[in-house]
Amino acid sequence: MARWLPRSADLTRFCQKLNRVKTLEDDMMETSFNRCLSTIDLTLLGIGGMVGSGLYVLTGTVAKEIAGPAVIVSFIIAGFASLLAALCYAEFGARVPKTGSAYMFTYVSVGEIWAFLIGWNVLLEYMIGGAAVARAWSGYLDSIFNHKIKNFTETHVGSWQVPFLARYPDFLAAAVLLVATAFISFGAKVSSWLNHVFSAISMGVILFILIMGFVLAQPKNWSAQEGGFAPYGLSGIMAGTATCFYAFVGFDVIAASSEEARNPQRAVPRAIAFSLGLATGAYILVSVVLTLMVPWHTLDPDSALADAFYRRGYAWAGFLVAAGSICAMNTVLLSNLFSLPRIVYAMAEDGLFFQVFSQVHPRTQVPVIGIVVFGLLMALLALVFDLEALVQFLSIGTLLAYTFVAASIIVLRFQQQKVDAPAPAAGGRPSPEPSEGPSAGELKEYESFSDKLQLVDRDKSKEHREPGQLKAAFEPYLEFLSDFYPGEVVTVAVVTLMVSAICLCSILVFGNTHLHLPTWSYSLLLVLFSLGFLLSLLLIWAHEQQRSTQTFQIPLVPLSPALSIVLNIYLMLKLSYMTWLRFAIWLLLGLLVYFGYGIWHSKENLREPRPQRVSARYVVFPSGSLEERVQAVQPSSQPAAGLPDTDTEDCKR
Numbered sequence: 001m002a003r004w005l006p007r008s009a010d011l012t013r014f015c016q017k018l019n020r021v022k023t024l025e026d027d028m029m030e031t032s033f034n035r036c037l038s039t040i041d042l043t044l045l046g047i048g049g050m051v052g053s054g055l056y057v058l059t060g061t062v063a064k065e066i067a068g069p070a071v072i073v074s075f076i077i078a079g080f081a082s083l084l085a086a087l088c089y090a091e092f093g094a095r096v097p098k099t100g101s102a103y104m105f106t107y108v109s110v111g112e113i114w115a116f117l118i119g120w121n122v123l124l125e126y127m128i129g130g131a132a133v134a135r136a137w138s139g140y141l142d143s144i145f146n147h148k149i150k151n152f153t154e155t156h157v158g159s160w161q162v163p164f165l166a167r168y169p170d171f172l173a174a175a176v177l178l179v180a181t182a183f184i185s186f187g188a189k190v191s192s193w194l195n196h197v198f199s200a201i202s203m204g205v206i207l208f209i210l211i212m213g214f215v216l217a218q219p220k221n222w223s224a225q226e227g228g229f230a231p232y233g234l235s236g237i238m239a240g241t242a243t244c245f246y247a248f249v250g251f252d253v254i255a256a257s258s259e260e261a262r263n264p265q266r267a268v269p270r271a272i273a274f275s276l277g278l279a280t281g282a283y284i285l286v287s288v289v290l291t292l293m294v295p296w297h298t299l300d301p302d303s304a305l306a307d308a309f310y311r312r313g314y315a316w317a318g319f320l321v322a323a324g325s326i327c328a329m330n331t332v333l334l335s336n337l338f339s340l341p342r343i344v345y346a347m348a349e350d351g352l353f354f355q356v357f358s359q360v361h362p363r364t365q366v367p368v369i370g371i372v373v374f375g376l377l378m379a380l381l382a383l384v385f386d387l388e389a390l391v392q393f394l395s396i397g398t399l400l401a402y403t404f405v406a407a408s409i410i411v412l413r414f415q416q417q418k419v420d421a422p423a424p425a426a427g428g429r430p431s432p433e434p435s436e437g438p439s440a441g442e443l444k445e446y447e448s449f450s451d452k453l454q455l456v457d458r459d460k461s462k463e464h465r466e467p468g469q470l471k472a473a474f475e476p477y478l479e480f481l482s483d484f485y486p487g488e489v490v491t492v493a494v495v496t497l498m499v500s501a502i503c504l505c506s507i508l509v510f511g512n513t514h515l516h517l518p519t520w521s522y523s524l525l526l527v528l529f530s531l532g533f534l535l536s537l538l539l540i541w542a543h544e545q546q547r548s549t550q551t552f553q554i555p556l557v558p559l560s561p562a563l564s565i566v567l568n569i570y571l572m573l574k575l576s577y578m579t580w581l582r583f584a585i586w587l588l589l590g591l592l593v594y595f596g597y598g599i600w601h602s603k604e605n606l607r608e609p610r611p612q613r614v615s616a617r618y619v620v621f622p623s624g625s626l627e628e629r630v631q632a633v634q635p636s637s638q639p640a641a642g643l644p645d646t647d648t649e650d651c652k653r
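Following this line, the structure appears as structure tokens:
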């Protein structure tokens, strides 16, 4: 029975395969894509991904049902929370200007299987997100024409009552996705130009809403007679924050487009900062004017802005709001269709997904096959499937990606940087470096032992410590950690930090409701897991980071990424159990794809050297020196190449 069990060496090698990281090229600016996008192009792509139908629907829904006028505070907190994740994306996008977004960032720092699972989840997230926006676009346009499109389809095509399928086929949603797919296939410049047009119209409508809204504002709508500013209290504000957080997902399209940016080191961080700032400002200001125009408790959650203008006697403004909403949804569609094929391309280029999706069209310089295939799949989803039950699935994929990117930032910061060795001189021998102090042959006399001790301390203080090594100030207290490889302790501490965060958030979410813990055990567990989180954070901070580089770096590492990790895990645990069940099924399908295809075709797998068994002979000389001779084990009839057949020269006296 024991001989069928895997050996420890095989298990170790298998785990190493799962956690191998991507080897980056020396010239990361080299690409088969067309580097044509400027900072403005990337900024408008980010705004298009964030300011969609949520501005016209989400603000009214949260204001009426969750937070009241305090939805403004919810958007401020959600914007700050999104900033933590966005800064992590900005640093990675500047340091690793390759397409793939969260998948690529996880691959270069955490490991292969984790990167594949992130990419696999983001893939489904974009597909469901694009199809859901297309159906919302179709429904909004249909409502303008008094649902004539829906009635015509049900009359002439028919309807059905099947689980997981829509009541009727939505041909309009599928058609708009196919048209958008055709435009995306023409290249990044055409996609960017189209996004500029829709973004300009959307921002013009938002500006009109703000101007007219402040003219029609009535401060009494925040008074106590109407329920006050925060009728649902702090709990309502925080519940609104959790909902408003999802309004800001979409800035990762900028990171996914970094391989098509002209100057990604500068453009990606700036575009993420500008787009997130403008999107947050738009959500906050629209929430202000909406709750000041009409009492918050009378809002129509489905069309709050249009209904607010209608009730104030400006019915014509509703058509402008409808036009702005449709243009905003168009930008979200373009953002999804733009990002999805590029992430699939990155996975296929690394060998983890089917190789056909890594082909780039020579003229348009975009992955046309990926765009067409996934555009058709998205159109099929929008045509026949009921997406309302799957929309919550979008949240878990995004939050998981944010969590791994934040953890990757910590791991990468405490890893040693790859430094290319200097080229040797023309003579073939490297020139000796100038030495400080006395030469090797020069002797220096010291007066006493204390002089020598001071010299040793001075040399030790001047010693350059690599990233991942323990800081000199902590060495007397944590000396037992000095024996580990640089970065090894930090990696273990990051895992401990994430486990502590999961346990802490589980107690916060389920402690009183599902687990029914008594007060003393609830408090004790909170203290224990909080201490585990803080100690892991302090242990990471006690190690050296990489020095400042020319690219953007997120401040306050490891604190900023750690806060992002806690927030993302907390929001994930607030999702329903059905979302987690669907997520687990999708993960299992992804593991089948990875172990059936990805692990065998991975380019990192091809780079790995074949293991060789070696033998070593050690000879200890009287002087205390050690000589080692290592040779490959060969069959007895084939002596090792370049080595003598006998061992007469193994020892020298």
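When we follow UniProt numbering, the leftmost residue of the sequence shown carries the number 1, and every step to the right adds one. We put the beta carbon where it would ideally sit given N, CA and C, even for glycine. Fair warning: this is a prediction, and the values are worked out from it, not measured in the lab.
Opening and closing residue of the alpha helix (DSSP H) in which His516 lies: No alpha helix (DSSP H) contains His516, which DSSP labels as neither H nor E.
8 Å Cβ cutoff met for Ser275 and Tyr56: no
Neighbour-count burial assignment, Cys327, 16 or more Cβ in a 10 Å radius: buried
Stretch pair the stretch 76-93 + the stretch 396-406: three plus CB contacts closer than 8 Å: yes
Cβ pair count under 8 Å reaching 3, the stretch 138-146 against the stretch 113-121: no
Phe595 classed as buried or exposed, judged by whether at least 16 other C-beta atoms fall within 10 angstroms: exposed
Gly187 burial status per 10 Å Cβ neighbour count (16 or more: buried): buried
Nearest to Phe80 (by Cα), restricted to the options Ser564, Leu592, Asn263 and Leu45: Ser564
Arg20 versus Asp10: straight-line alpha-carbon distance, rounded: 15 Å
Whole-angstrom distance between Tyr283 and Leu141, CA atom to CA atom: 23 Å
Proximity below 8 Å, CB of Leu571 to CB of Leu394: no
Where the alpha helix (DSSP H) through Lys220 begins and ends: Per DSSP, Lys220 belongs to no alpha helix (DSSP H) and is neither H nor E.
Residue from Ala267, Phe229, Ser339 and Leu278 whose Cα sits closest to the Cα of Val288: Phe229
Reduced DSSP category for Ala328 - H, G, I as helix; E, B as strand; rest coil: helix
Collapsed DSSP secondary structure at Leu556 in the structure displayed: coil
Separation of Met378 from Phe14, as counted between CA atoms: 36 Å
Cβ shell of Leu37 (< 7 Å), same chain only, five flanking positions each side left out: Ala188, Ser192, Ser257, Glu260, Ala261 and Arg262
Which of helix, strand or coil DSSP assigns to Leu387: coil
When Gly139, Gln161 and Val162 are compared against Asn151, the one with the closest alpha-carbon: Gly139
Runs of alpha helix (DSSP H) wholly within the stretch 231-274 (minimum 4 residues, chain order): 233-244 and 252-256
Proximal residues to Val51 (C-beta, below 7 Å), its chain only, five neighbours per side dropped: Ser202, Ala279, Ala282 and Ala328
Bridge partner(s) assigned by DSSP for His543: Leu470
Stretch-stretch touch, CB-based, cutoff 8 Å, three pairs: the stretch 96-111 with the stretch 23-30: yes
Bridge-paired residues (DSSP) for Leu278: Answer is none; Leu278 lacks a bridge partner.
Residue interval of the alpha helix (DSSP H) (run including Leu508): Glu488 to Phe510
Pairwise C-alpha distance: Phe533 and Ser500: 5 Å
Segments assigned alpha helix (DSSP H), at least 4 residues, entirely inside the stretch 47-96: 54-62 and 71-95
Residue range of the unbroken alpha helix (DSSP H) whose run includes Asp307: Ala304 to Arg311
Backbone secondary structure at Leu165 - three-state DSSP: strand
Ala401 vs Ala90 beta-carbon contact at 8 Å: no
Three-way DSSP call (helix, strand, coil) for Ser8 in this model: helix
Trp520 classed as buried or exposed, judged by whether at least 16 other C-beta atoms fall within 10 angstroms: exposed
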